[in-house]
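Residue numbers (my numbering): 18 to 227.
In this text, a Cβ means the ideal position worked out from N, Cα and C, and glycines have one as well.
Note that the structure is a prediction, hence the values are computed from the model and not measured.
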Amino acid sequence: MADAKKFWNRIAENYAKQDDSGNDQDYKLTIERTIKYLNREDVLLDFACGPGTASIELAAYVNNVSAIDISEKMIEIASHKAQDKNITNVGFTVSELFDSKLIDESFNVITGFNILHLIEGIDDSLNRIHGLLKPGGQFISVTDSGKGSGRLASMFFHILSKTGIIPFYRQYSLEELRGRMESCGFSIIICDNLHESSTNSFIVAKKDNP
């Protein structure tokens, strides 16, 4: 994790500028599709929130957002952004999924955008997400599948990971992600490509009521 934190701290400012460009079709569709599953009373955890762009936008549709990231610089950027926009129902914290301060069954929704393919030990993380959700809660994820119009970019990141330039990187097919989530106790509400030519999957997984 130390290497990953160092990497994201190093690229935080440039990443944030790209994230705020407003030209990313996949990002726009991520928000558009996600808000259909949100309710005003929801308490939402956005993990690996990066510079907070999605966290801040989703805050308009829920009661409260807790946004976490391992990168201090990402959280600093996100906090300033929320303050500048006068968004008061989102809090940014340097943290990670297995932080003991995160209490089981505390969240109605957990979002993980463009992160599962960067996590070693994905099953442990999915089990943790399942535990943090309230019964009936939903995990909404967007994950690189390495297929579609951005396949060359995905291959490039895979090579960078193998050479140690960036942290861990692995692509997952829709079928594999679905199977892993089901094995961790989730029921799948929707599992498809974000859009027809996207490299990204869009999955809504539900923690069933006991």
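- prompt: Hey, how far is the Cα of SER96 from the Cα of GLY196?
  reply: 36 Å
Straight-line gap, GLU93 to ASP141 (C-alpha atoms, nearest Å): 28 Å
field: Alpha-carbon spacing of LYS45 relative to LYS34, whole angstroms
entry: 16 Å
query: Closest to TYR189 by CA distance: which of ILE206, ALA71, ASP161 and SER204 is it?
result: ASP161
query: Between which two residues does the beta strand (DSSP E) carrying SER142 extend?
result: No beta strand (DSSP E) holds SER142; the alpha helix (DSSP H) holding it covers 139-149.
task: Would you please verify whether the beta carbon of SER83 is less than 8 Å from any beta carbon of chain C?
output: The question asks about chain C, but that chain is absent: this structure has only one protein chain.
query: Once you ignore the five residues that flank VAL113 on each side, which residues in its own chain have a CB closer than 6 Å to its CB?
result: The displayed chain sequence assigns Glu, not Val, to residue 113. Excluding sequence neighbours, GLU113 sits near ILE87.
field: Unbroken alpha helix (DSSP H) run spanning ASP209, endpoints
entry: Careful: ASP209 lies outside any alpha helix (DSSP H), inside the beta strand (DSSP E) at 203-210.
query: Applying the criterion that 16 or more other CB atoms from any shown protein chain within 10 Å of the CB defines a buried residue, is LYS68 buried or exposed?
result: According to the sequence as given, residue 68 is Pro; it is not Lys. Answer is buried; the Cβ neighbour count reaches 16.
- request: Please say whether HIS147 and PHE202 have beta carbons closer to each other than 8 Å?
  value: Before going on, a small fix: residue 202 reads as Gly here, not Phe. Yes. Within cutoff.
query: Per DSSP, SER214 is paired with what?
result: Answer by DSSP bridge pairing: none, since SER214 is not bridged.
Candidates HIS212, ILE205, PHE130 and ASP20: closest to GLN42 by CA position: HIS212
- prompt: Considering ASP43, what are the terminal residues of the alpha helix (DSSP H) in which it resides?
  reply: 42-51
task: Determine, using beta carbons only, whether GLY154 and VAL111 come nearer to each other than 8 Å.
output: no
message: In this structure, how does DSSP classify SER171 when only helix, strand and coil are distinguished?
response: Residue placement at SER171 cannot be trusted, given a pLDDT of 48 that sits under 50; the coordinates are not used to answer.
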